[in-house]
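In what follows, a structure is listed as structure tokens, so that the remarks can point back to it.
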Amino acid sequence: MTARTRTDGRAKVTGGATYTADRPADWYAVLVTSTVGAGRITGLDVTAAEAAPGVTAVITHRNAPRLAEAGGVYAPKILPLQDDLVRYEGEPVAVVVADRLERAQEAAALVGVAYEETPVVMELDAALPQAYEIAGYYEPSGTSVGDVAAGLRDADVVLERTYTTAARHHSPIEPSGMVATWRDGELTIHDATQGVFNTHEVVTNALELPPEKVRIIAQYVGGGFGCKGYVWPHQIIAPMTARLVGGTVKLVLTRAQAFTSHGYQPPTRQTVTLGATSGGALTAVRHHSVNATSVYGDYLEMAAACGRTMYASPAIETSHEIAPVNTILPTPMRAPHDGPGMFALESAMDELAYELDIDPLELRLRNYAEQDPTHGRPFSSKELRACYAEGARRFGWDRRVMTPRATRDGNDLIGWGMASAIMPTFMMPANARVSIDAEGRVLVETSTQEIGTGTRTVLPQIAAEALGCSPDQVRIEMGDTTLPRAEMTAGSSTTLSVGSAIHNAARTLRAKLASTALGEGSAPADMVRVEGADLVVDGGPRVRLRETVSADGSWAPEEAGLTFSTFGAIFAEVRVDADLGLTRLSRLTGVYSAGRIINPLTARSQMIGGMTWGIGQALLEHSDVDPVLGRFVSKNLAGYLLPVNADVPDLDPSFAEEYDEHAGHIGGRGIGELGAVGVGPAIANAVFHATGIRVRDLPISPEELM
Ligand code: MOS
């Protein structure tokens with residue numbers, strides 16, 4: 007466990023790190039998007055736009071090249087600019103290309119579009135009659151163990167509550183964008199993406215190009231949080247346009263388009279039913295969730311999945327549906343599934359604690375899952391008990407009185423709430439190459455993307471540890487489809503998955519170096535360390551490197567009969583203004599079980615970032631729709647509130663001491679999303695403790711507390 011500051015930190019804060027939109031271009035493409043939520047384009051007038059200064063092309067469905075089926079999980083479910091139909095406000099209806107950005111913007115405003123509107127369905131509640139089931143993603147959509155009906159019949163207390171979470175947008179500081187170059191029949195694309203190979207697959211398919219003629223590069227990505235994982239219409243439009251006009255085309259979404267031109271976290275409506283004995287032992291858990299999807303495609307938020315694994319109960323039933331609305335397709339957003347899901351489950355557990363008059367933390371402990379209750383498997387590793395204990399100690403939970411509305415400081419009602427966190431550990435196949443040259447420079451190569459999490463710092467640390475050298479002599483090249491393939495940076499999977507591939511490559515390299523130093527096969531790899539350009543043999547000679555040596559490594563998850571999950575215990579203190587209903591978060595403690603922590607500094611940053619997402623979920627973020635005009639109401643950061651520094655007190659994240667021997671070769675499970683789980687319900691539970699008012703709909707608004 008070595009704390010290292012970010013190797014790319016200076017480059018990032020001084021402007022030395024080149025992001026996609028920083029790159030120069032010959033042409034600038036600006037999207038014209040539909041202003042209605044549903045209907046058909048009945049008229050298009052591009053004359054003025056085509057005649058505007060600097061314009062080289064105006065592309066609409068009438069003259070756009072025909073695209074081929076993009077296929078694959080991550081492709082848009084409809085291809086852009088191929089027909090006259092409108093399924094959502096913000097759908098591309100034209101793209102204008104000019105020699106300067108301002109000229110393209112000016113001309114885009116001159117494109118005339120007439121629509122025949124059809125009725126929209128915008129709100130989840132309005133779409134519920136059309137709800138349907140689909141298959142699950144990483145697990146079945148529905149599960150059932152034990153006899154829930156019997157569990158509820160035998161319970162001393164049964165509680166059934168419905169909770170909702172709001173639509174939310176990712177809003178990374180860098181909006182999505184692409185710089186695409188068409189030259190000599192080849193496409194080179196810089197893309198703000200979490201998955202260069204996702205983009206590669208979609209672009210080669212849609213444009214029917216041989217894979218080797220398309221290269222996708224993502225050197226730096228200014229945050230993704232999920233909105234850059236799947237591939238969206240602009241990522242097909244930019245290369246299509248580049249092929250049409252030749253040279254380099256830049257297409258960057260505006261902030262407003264970042265609310266309509268890629269996915270968002272759909273609103274959910276969840277019903278949790280808990281049965282328990284008077285002693286607080288769960289006899290049944292039922293969790294049903296329905297989320298909004300788009301009229302043109304399916305997206306399932308697996309919000310009910312958390313209850314499958316969280317608490318020991320003899321009977322557990324979970325199910326999901328989706329209901330179509332006129333928006334772009336929703337998509338995962340940081341702490342998808344369990345983020346919205348745990349708000350419902352952990353609010354219900356708090357309500358049960360009050361029904362039974364059992365301390366909320368004690369109730370969790372009485373239902374602690376020693377093994378995965380739905381799948382009947384052991385956990386790869388789980389230190390949640392230690393998290394509860396340490397979190398309670400740091401927070402001072404034992405001083406809490408159960409009674410709501412009992413603590414006041416002037417006009418402020420003070421409340422303490424807690425919740426558990428859980429997040430499945432996603433693992434993906436990965437490949438890497440590690441080499442060392444005669445100068446002792448170690449190079450790690452892998453296509454994985456740096457999206458702001460510290461990957462450029464942490465992966466070299468893993469290589470250095472496996473190779474037996476200083477991390478200072480390790481460099482990494484990443485974010486490029488010409489490098490050994492890794493999958494998208496998503497599901498908190500990178501450190502474990504790509505790290506394990508790098509570990510394997512570095513171990514193979516170390517064995518080669520041992521042979522170099524001591525003769526073929528004569529020495530175990532661990533006998534040799536690397537010091538600069540010297541190979542240092544334990545109790546033996548120093549051997550100078552003479553040439554570059556490199557090794558490939560790969561890793562893929564294997565079926566181990568185990569459940570891999572990360573966990574946390576979250577404790578929140580709020581102050582609610584008794585007159586104005588304003589909630590201020592004053593303390594937030596999170597203790598997490600995630601196995602070994604590779605870099606405590608970047609890990610801490612991840613948890614602070616994740617916890618801040620949870621604050622947004624609890625208190626601020628909601629993308630409201632206009633049910634008549636068929637659009638998101640506030641497509642800007644003035645109308646869509648995110649937590650800022652003034653909303654965030656000193657956060658207190660820490661980790662349980664743990665090594666997970668099953669977590670690839672690194673001993674640790676992913677943490678990027680875990681921090682965003684459990685904070686919402688901990689805050690909502692604290693608000694109940696402060697005010698006696700149970701808020702079941704996020705975000706918590708002052709109106710509900712007045
Ligand atoms: Mo994350 S929502 O899997 O990028």
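Position one of the sequence shown corresponds to residue 7 (the working numbering), numbered consecutively onward. Even glycine gets a Cβ: it sits at the ideal position worked out from N, Cα and C. Keep in mind it's a predicted model, so treat the numbers as computed, not measured.
*Where does I195 land, buried or exposed, given buried means 16+ other C-beta within 10 angstroms?*
buried
*Specify, as a first and last residue, the run of the alpha helix (DSSP H) that A531 falls within.*
Where A531 is concerned, there is no enclosing alpha helix (DSSP H), given that its DSSP letter is neither H nor E.
*If we count the other Cβ atoms within 10 Å of its Cβ and call it buried at 16 or more, is R548 buried or exposed?*
With fewer than 16 Cβ atoms within 10 Å of its Cβ, R548 is classed as exposed.
*May I have the straight-line CA-CA distance separating A321 from L165, to the nearest angstrom?*
15 Å
*Exposed or buried, which one is K641 when buried takes at least 16 other CB atoms within 10 Å?*
buried
*Mind the definition here: the region 207-221 touches the region 65-78 only if three or more C-beta pairs lie below 8 Å; say whether that holds.*
yes
*Under the rule that 16 or more other beta-carbon atoms within 10 Å means buried, what is D656, buried or exposed?*
D656 is exposed by the Cβ-count criterion.
*asked:* Please report the straight-line C-alpha distance between D630 and F638, rounded to a whole angstrom.
replied: 6 Å
*Do you know how far the Cα of T463 is from the Cα of R12?*
5 Å
_Please list the terminal residues of the continuous alpha helix (DSSP H) segment that includes M617._
606-625
_Taking 8 Å as the limit between beta carbons, can you name the residues of its chain near G22, skipping five residues before and five after?_
R16
*Considering only residues of the region 360-391, which uninterrupted alpha helix (DSSP H) runs meet the minimum length of 4 residues and lie entirely inside it, listed in chain order?*
366-372
*Using 7 Å as the cut-off, classify the Cβ of M339 as near or not near the heavy atoms of the ligand MOS, replying yes or no.*
yes
*What residue from L588, F401, E565, A27 has the CA that sits closest to H668's CA?*
E565
_Beta-carbon gap between N691 and S353 smaller than 8 Å_ = By the CB criterion at 8 Å, N691 and S353 fall inside the cutoff.
*For L215, which of D190, K234, G201 has the nearest alpha-carbon?*
D190
*asked:* Distance cutoff 8 Å, beta carbons only. Does R581 sit that close to anything in chain B?
replied: Annotation note: the requested chain B is absent from the structure, which comprises a single protein chain.
*For A578, collect the residues of the same chain with a Cβ closer than 6 Å to its Cβ; drop the 5 residues on either side in sequence, then sort them by chain order.*
G423, L594, A688, I689, A692
*Which runs of the beta strand (DSSP E), 3 residues or longer, sit entirely within the region 222-290?*
253-258, 274-282
_Tell me the residue span of the beta strand (DSSP E) that contains H326._
322-331
_Residue range of the unbroken alpha helix (DSSP H) whose run includes G15_ = 15-20
*Expected contact under 8 Å - CB spacing of A438 and N373 to nearest Å*: Contact doesn't hold; Cβ gap of about 41 Å is too wide.
*With respect to 7 Å, is the separation between the Cβ of E679 and the closest non-hydrogen atom of the ligand MG below this value?*
In terms of ligand content, the structure shown lacks the ligand MG and carries the ligand MOS instead.
*Exposure label - Y138; buried when at least 16 CB within 10 Å*: exposed
*Go ahead and pull the three-state DSSP assignment for P466.*
The three-state reading of DSSP puts P466 in helix, counting H, G and I together.
*Residues in its own chain within less than 6 Å of L588 by CB, not counting five upstream and five downstream?*
P708
*CB-CB under 6 Å to Q111, same chain, minus the five flanking residues each way: which ones, in chain order?*
Excluding sequence neighbours, Q111 sits near V36.
*Roughly how many angstroms separate the alpha carbons of T124 and P633, rounded to a whole number?*
Distance between the alpha carbons of T124 and P633: 13 Å.
*asked:* Given this structure, state the Cα-to-Cα distance separating P435 from A27, to the nearest angstrom.
replied: Approximately 30 Å, taken between the alpha carbons.
*Provide the residue(s) that pair with D583 in DSSP beta bridges, ordered along the chain.*
D418
*Spatial neighbours of Q455 within its chain, please: CB distance less than 6 Å, with the 5 preceding and 5 following residues excluded, ordered by chain position.*
Q200, A224, V227, G485, T495
*Compute the Euclidean distance between the alpha carbons of V768 and F661, then round it to the nearest angstrom.*
For the chain, the structure presents residues 7 to 712; residue 768 sits outside this window and is missing.
*Considering only the beta carbon of each residue, do S349 and L704 sit closer than 8 Å?*
A small correction: the amino acid at residue 349 is Phe; Ser does not occupy that position in the sequence shown. Closer than 8 Å, so yes.
*asked:* Between the alpha carbons of R675 and P178, how many angstroms are there, rounded?
replied: 24 Å
*asked:* Quick check on DSSP: helix, strand or coil for M348?
replied: Of the three classes helix, strand and coil, the one that applies to M348 here is helix, per DSSP.
*Using the C-alpha atoms, what's the distance from G615 back to P659?*
When rounded, the distance between both Cα atoms is 10 Å.
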